[in-house]
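The structure appears below as structure tokens.
Number of protein chains: 2
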Amino acid sequence: MRIAVDAMGGDHAPRVVVEGAVRAARELPTTEVILVGRTPKIEPLLREFSDRTGRVRIEHAASVVHMGDSPVEALRRKGDTSIGRCAELAKAGEADAILSAGNTGAAVAAAALAMGTLKGIRKPGIAAPFPTMTGGQCVVIDVGANVKPKPEHLLDYGIMATEYVAAILGTPNPSVGLLNVGAEDAKGNELVKETHALFRASHLNFAGNVEGRDIFKGEVDAVVCDGFVGNVLLKVAEGVAEAVLGTIRNALMEKLIYRIGAGLCRPAFRRLGGELNSSAYGGAQLLGINGICIISHGSADSKAISNAIRVATELSDKHVNDRIVETARKLKSKTQAETVSA
Amino acid sequence: MRIAVDAMGGDHAPRVVVEGAVRAARELPTTEVILVGRTPKIEPLLREFSDRTGRVRIEHAASVVHMGDSPVEALRRKGDTSIGRCAELAKAGEADAILSAGNTGAAVAAAALAMGTLKGIRKPGIAAPFPTMTGGQCVVIDVGANVKPKPEHLLDYGIMATEYVAAILGTPNPSVGLLNVGAEDAKGNELVKETHALFRASHLNFAGNVEGRDIFKGEVDAVVCDGFVGNVLLKVAEGVAEAVLGTIRNALMEKLIYRIGAGLCRPAFRRLGGELNSSAYGGAQLLGINGICIISHGSADSKAISNAIRVATELSDKHVNDRIVETARKLKSKTQAETVSA
Chain A
16 MRIAVDAMGG
26 DHAPRVVVEG
36 AVRAARELPT
46 TEVILVGRTP
56 KIEPLLREFS
66 DRTGRVRIEH
76 AASVVHMGDS
86 PVEALRRKGD
96 TSIGRCAELA
106 KAGEADAILS
116 AGNTGAAVAA
126 AALAMGTLKG
136 IRKPGIAAPF
146 PTMTGGQCVV
156 IDVGANVKPK
166 PEHLLDYGIM
176 ATEYVAAILG
186 TPNPSVGLLN
196 VGAEDAKGNE
206 LVKETHALFR
216 ASHLNFAGNV
226 EGRDIFKGEV
236 DAVVCDGFVG
246 NVLLKVAEGV
256 AEAVLGTIRN
266 ALMEKLIYRI
276 GAGLCRPAFR
286 RLGGELNSSA
296 YGGAQLLGIN
306 GICIISHGSA
316 DSKAISNAIR
326 VATELSDKHV
336 NDRIVETARK
346 LKSKTQAETV
356 SA
Chain B
16 MRIAVDAMGG
26 DHAPRVVVEG
36 AVRAARELPT
46 TEVILVGRTP
56 KIEPLLREFS
66 DRTGRVRIEH
76 AASVVHMGDS
86 PVEALRRKGD
96 TSIGRCAELA
106 KAGEADAILS
116 AGNTGAAVAA
126 AALAMGTLKG
136 IRKPGIAAPF
146 PTMTGGQCVV
156 IDVGANVKPK
166 PEHLLDYGIM
176 ATEYVAAILG
186 TPNPSVGLLN
196 VGAEDAKGNE
206 LVKETHALFR
216 ASHLNFAGNV
226 EGRDIFKGEV
236 DAVVCDGFVG
246 NVLLKVAEGV
256 AEAVLGTIRN
266 ALMEKLIYRI
276 GAGLCRPAFR
286 RLGGELNSSA
296 YGGAQLLGIN
306 GICIISHGSA
316 DSKAISNAIR
326 VATELSDKHV
336 NDRIVETARK
346 LKSKTQAETV
356 SA
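Sequence lines, in order, name chains A and B. Under our numbering, the first residue of the first sequence carries the number 16, and numbering increases by one thereafter. Under our numbering, the first residue of the second sequence carries the number 16, and numbering increases by one thereafter.
The structure is reproduced here in structure tokens:
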């Protein structure tokens, strides 16, 4: 598996990206990493983190799409950007996957344009794993690729989530819930009502409507929603987790006795930090494109980057895209057969 | 101020509702509480919590809208429900406010139907306060009254949030953000793009687009969104807070040394529990109706109920509804004047 990594994307780029890439190459014996970006910036870091695998190389790209840039405009205007070059490498067949912790919109636009969508899939969506209270994960799709989807796009997300969860998390026949404002079938706006009917008729393992709270309960494997709602959800979840942990941290610094108590609990807090931290999952995946595109968090550390490269390797090894195409084909031929026999 | 309280609504009703009502009457010398529901259930509790103010009375209602019931259908079919009777008391001028910790949809439907909307306001919305990292609050409206609003409904929410925050939290000229998937003006779906233009032209203290994370940063006083997104947001925030605190609790029970450490920190944890707990705010408010309707959380305890009654008293004392009508009138006459002069 060859992965083109946007070395310039993310709050701590290029340092943590190069470090994560070197670590991934060491841990994944069949993975080749192409670090894309400004060679003079990347080269000294690659020496510093001393890659000995010979499977990490640099591909120069002169400019960078920054976090605040308008994605499509920046891709056009700036010319040779690191994320744009990653996508070109994939298009040219020189990379099987791309990875960026930079501007999400730019990564989505570049990947979708260069790779195209999978056969039978109408729109790509971003799948993001959330930790659950039962120690597992719940994958939410879409967290921001498509803010105005149609019901059939959400059905495609259900297919993609099913195959992603089955392959990457090893869950047989994963359950998929539809995010709504209540559990009853008749709830919600027009989009979810129409989507509900599509899912009911679909033969996916449909868990019915679920509410925002259910994502964290561990009772459903995947949750489907439109990209506007999903993006708000993702950022609210991050905001609440930060606020709760920050408030606890401040409260425990107030008195000496609390600081002593917190000191005794430090290993537990440290482990928790790891569990709640998104770095364990490496990032979100843009599913539905004819290739692999991982979108890491802007705050990704080197561990998150190397985990993201590991996930890309698994997506490739387990042929998730082939499975998505096959399931979409089966679903559609079933629906057609039923329409004909009806 | 006379408030009709749905004594049968909520996970711990009628016990905590009666307890909260008695406490509120003791603390608020001008407030009269009418406990609405099954007299044989309420009477013994009222004796147990020994009201000595003489300002708590019972109004019998034979049936209850349960949490799982379809709101409008249940209100019709069940006849004399506790929440329906609360709304009737308000309609008849026998109560200035109503309060329920039961089925939210039923409370919204009953209140909107019986009280009607305020002059100049097109749709009511539910405003919910969220604690921020800076120790303040951010009010989000709408968290579920209207899952398919138009841009002008969201503008009305902005007016309502402004006057609510100014009156209840004492913030002069509160800032109002529009919930979106990014800070740039051009982001989002059609609804938020059109709403953005309305807010820009409005003379409200518009903070522009905000993201889900910003709600908890304390940089904006109120956030406006559609009821579908707001309801998901509310439940995700609750789910994450529960999951984080639950995970911490479990981790701190694992070893004796952690339990000792956690024991030293107990007063800090207890205070935090209070800060993060929604009971401090009493509940959400249905704003935009010609009256006062407080919707408490299903898990409300007696403290949450008495706080909700206190908030209802403040909404009444500070004439929030008059202020909303006045601001809506000014905004519309300004817009008309500008249209004429243009």
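C-beta atoms are modelled at their ideal positions from N, C-alpha and C, and glycine is treated no differently.
Positions of the alpha helix (DSSP H) runs, each at least 4 residues long and wholly inside the stretch 104–132 of chain B, are given as 119–130 in order along the chain.
Beta-bridge pairing by DSSP links residue 75/B to 52/B.
The criterion of a C-beta distance shorter than 7 angstroms is satisfied by residue 335/B and residue 179/B. Note on geometry: alpha-carbon atoms of residue 280/B and residue 256/A lie some 20 angstroms from one another. With contacts defined by Cβ atoms closer than 7 angstroms, residue 189/A and residue 236/A form a contacting pair.
Taken in chain order, the whole beta strand (DSSP E) runs of length 3 or more contained in the stretch 294–346 of chain A are 299–302 and 307–310. Residues of the stretch 219–251 of chain A with a Cβ closer than 8 angstroms to any Cβ of chain B, in chain order: 226, 227, 228, 229, 230, 231, 232, 240, 242, 243, 244, 246, 247, 248, 249, 250 and 251. Closest in alpha carbon position to residue 326/B, among 33/B, 93/B, 111/B and 77/B, is 111/B.
If you draw a straight line from the Cα of residue 313/A to the Cα of residue 320/A, it is about 11 angstroms long. Under the three-pair Cβ rule at 8 angstroms, the stretch 218–226 of chain B does not count as touching the stretch 223–234 of chain A. Nearest Cα to residue 208/B within the set 163/A, 25/A and 54/A: 163/A. Only residues of its own chain outside the window of five on either side were considered, and among them 166 and 170 have a CB closer than 6 angstroms to the CB of residue 213/A, listed in chain order. Close partners of residue 134/A in chain B (Cβ separation under 7 angstroms) are lacking, with about 28 angstroms as the shortest Cβ gap. Less than 7 angstroms divides the Cβ of residue 155/A from the Cβ of residue 238/A.
The beta carbons of residue 50/A and residue 309/A sit no closer together than 7 angstroms. In this structure, residue 96/A sits away from residue 75/A, with a CB-CB distance that is not shorter than 7 angstroms. In the DSSP assignment, residue 223/A falls outside any alpha helix (DSSP H) and lies within the beta strand (DSSP E) extending over 221–225. Sorting 245/A, 254/A, 131/A and 102/A by C-alpha distance to the C-alpha of residue 299/A places 245/A at the top. For residue 21/B, the enclosing beta strand (DSSP E) has its first and last residue at 17–21. Per DSSP, reduced to three states, the secondary structure at residue 64/A is coil, with no helix or strand assignment.
Residue 304/A is a Cβ neighbour of residue 126/A, given a cutoff of 7 angstroms. Taking a C-beta cut-off of 8 angstroms against chain A, the contacting residues of the stretch 269–280 of chain B are 269, 270, 272, 273, 275, 276, 277, 278, 279 and 280, listed in chain order. In terms of Cβ geometry, residue 23/B and residue 52/B form a close pair [threshold 7 angstroms]. According to the DSSP assignment, residue 169/A belongs to no beta strand (DSSP E) but to the alpha helix (DSSP H) extending over 166–179. Considering only 247/B, 240/B and 241/B, the residue with the shortest C-alpha distance to residue 240/A is 247/B. With respect to the 7 angstroms criterion, residue 139/A and residue 132/A are classified as neighbours on the basis of their beta carbons. Residues 25 and 116 of the same chain have their beta carbon placed closer than 6 angstroms to that of residue 315/B, with the five preceding and five following residues left out of the count. Boundaries of the beta strand (DSSP E) around residue 145/A: 140–146. The straight-line gap separating the alpha-carbon atoms of residue 301/B and residue 142/B is approximately 6 angstroms. DSSP places residue 256/B in the uninterrupted alpha helix (DSSP H) bounded by 242–268. Exclusion of the five residues before and after residue 184/A leaves 152 as the residues of its chain whose Cβ lies within less than 7 angstroms of its Cβ. At least one CB of chain A lies nearer than 7 angstroms to the CB of residue 254/B.
Taken in chain order, the members of the stretch 141–163 of chain A whose beta-carbon sits within less than 8 angstroms of a beta-carbon on chain B are 146, 147, 148, 159, 162 and 163. With a threshold of 16 other beta carbon atoms within 10 Å, residue 271/B falls short and is exposed.
73/A is the residue among 73/A, 83/A and 93/A whose C-alpha sits nearest the C-alpha of residue 104/A.
Relative to residue 332/B, the option among 217/B, 43/B, 192/B and 251/B whose CA is nearest is 43/B.
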